[in-house]
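*Asks:* Note that full-length UniProt numbering has the sequence shown beginning at 1, numbered continuously upward. Would you mind keeping the following structure in view while I ask a few things?
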Amino acid sequence: MKSVKSGLEIRLESRDEMVLAKVLDLDPRSSELRAQAMTFDLVRGEVLTALPANKPKYSQYYTPDFTDVIDGITYVFEVKPKRYCTQHKELFALVGEFCQRRGMKFRVLCKEDLTETFLVNVNVLHHFARQCAQQLPGWAQQVSQLNNKTGYVRDVLCGLEPNNYFLLAGLLSGVLKMDLNKVLIQSMDFDVYPGNGNLEMLEVHSDE
Numbered sequence: 001m002k003s004v005k006s007g008l009e010i011r012l013e014s015r016d017e018m019v020l021a022k023v024l025d026l027d028p029r030s031s032e033l034r035a036q037a038m039t040f041d042l043v044r045g046e047v048l049t050a051l052p053a054n055k056p057k058y059s060q061y062y063t064p065d066f067t068d069v070i071d072g073i074t075y076v077f078e079v080k081p082k083r084y085c086t087q088h089k090e091l092f093a094l095v096g097e098f099c100q101r102r103g104m105k106f107r108v109l110c111k112e113d114l115t116e117t118f119l120v121n122v123n124v125l126h127h128f129a130r131q132c133a134q135q136l137p138g139w140a141q142q143v144s145q146l147n148n149k150t151g152y153v154r155d156v157l158c159g160l161e162p163n164n165y166f167l168l169a170g171l172l173s174g175v176l177k178m179d180l181n182k183v184l185i186q187s188m189d190f191d192v193y194p195g196n197g198n199l200e201m202l203e204v205h206s207d208e
């Protein structure tokens, strides 16, 4: 997967990682999304750039699925199906303490915590953001100049063709907003509202 923020290729190992990588990549607070960029030596308390070729006896290593930088803080993300979270509870607690001691924050992400509708919409937005990166600012500018940004999506975007391109540009730029959890973008059958530059609808994890 290519990041829409950095343009770098992010190598992934599972479908769940792919799905949630796109979610994190579109989060407006994300700035340096990386996959398996570091390894933690949980016994020695060290952060390594790679897993050692020779592992000492009694060693314990952990390589997070993703790391990201948000507001100057490094976040460490583990992607796990919800059914596996309980059996990894002790490990996650250990990793959480390790991260906290180093000024990092650890979060476990479960695909089940996000609606299928939201995930489908994020996939559409991420694909569009990559494919139409150069055109996005111009299309978003045209949407921003509309006098009315409230109401049925086809009525609001009347005269801007194709409607779905301008909708996606408006959503990605925060000019428009909609409920990404309840209705599929592809249906083009819903109401939109002024976004006023706010992209909170794309934020997927809290700082709590």
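Each residue gets a CB set at the ideal place from its N, CA and C atoms; glycine is no exception. In this text the structure is predicted, and so the values were computed from the model without any measurement.
Tell me whether the beta-carbon of Thr-39 lies closer than 8 Å to the beta-carbon of Leu-51.
*Replies:* yes
*Asks:* Find out if the Cβ-Cβ distance for the pair His-88, Lys-22 is shorter than 8 Å.
*Replies:* No. Outside cutoff.
*Asks:* With a 10 Å radius around its C-beta and 16 neighbouring C-beta atoms as the bar for buried, classify Asn-54 as buried or exposed.
*Replies:* exposed
*Asks:* Compute the beta-carbon to beta-carbon distance between Met-201 and Leu-180, rounded to the nearest angstrom, for a pair I have assumed lies under 8 Å.
*Replies:* Between Leu-180 and Met-201 the Cβ distance is about 5 Å, and since that is below 8 Å, they are a contact.
*Asks:* Give the straight-line distance between the Cα atoms of Leu-94 and Arg-107, rounded to the nearest whole angstrom.
*Replies:* 12 Å
*Asks:* Which residue or residues does DSSP assign as beta-bridge partners of residue 229?
*Replies:* The chain is shown from 1 up to 208; residue 229 falls before or after that span and cannot be answered.
*Asks:* Could you have a look at Ala-53 and say whether DSSP puts it in helix, strand or coil?
*Replies:* coil
*Asks:* Between the stretch 21 to 35 and the stretch 3 to 11, are three or more C-beta pairs nearer than 8 Å?
*Replies:* Contact holds: three or more Cβ-Cβ distances are below 8 Å.
*Asks:* Can you find the residues in the same chain that come closer than 8 Å, C-beta to C-beta, to Glu-46, ignoring five residues on each side of it along the sequence?
*Replies:* Phe-40
*Asks:* Touching or not, the stretch 109 to 116 and the stretch 146 to 155, by the rule of three or more beta carbon pairs under 8 Å?
*Replies:* no
*Asks:* Since Val-183 contacts Leu-160 with CB under 8 Å, what's their CB separation in whole angstroms?
*Replies:* The Cβ separation is near 20 Å, so there is no contact.
*Asks:* Can you give me the start and stop residues for the beta strand (DSSP E) that residue 209 sits inside?
*Replies:* The question about residue 209 has no answer here: the residues shown for the chain are numbered 1 through 208.
*Asks:* DSSP three-state label for Phe-190, please.
*Replies:* In the three-state DSSP reduction, Phe-190 falls in the coil class, being neither helix nor strand.
*Asks:* Expressed to the nearest angstrom, what Euclidean distance is found between the alpha-carbon atoms of Val-76 and Pro-194?
*Replies:* Going from the Cα of Val-76 to the Cα of Pro-194 covers about 33 Å.
*Asks:* Measure the CB-CB distance between Glu-78 and Leu-119 and report whether it falls below 8 Å.
*Replies:* no
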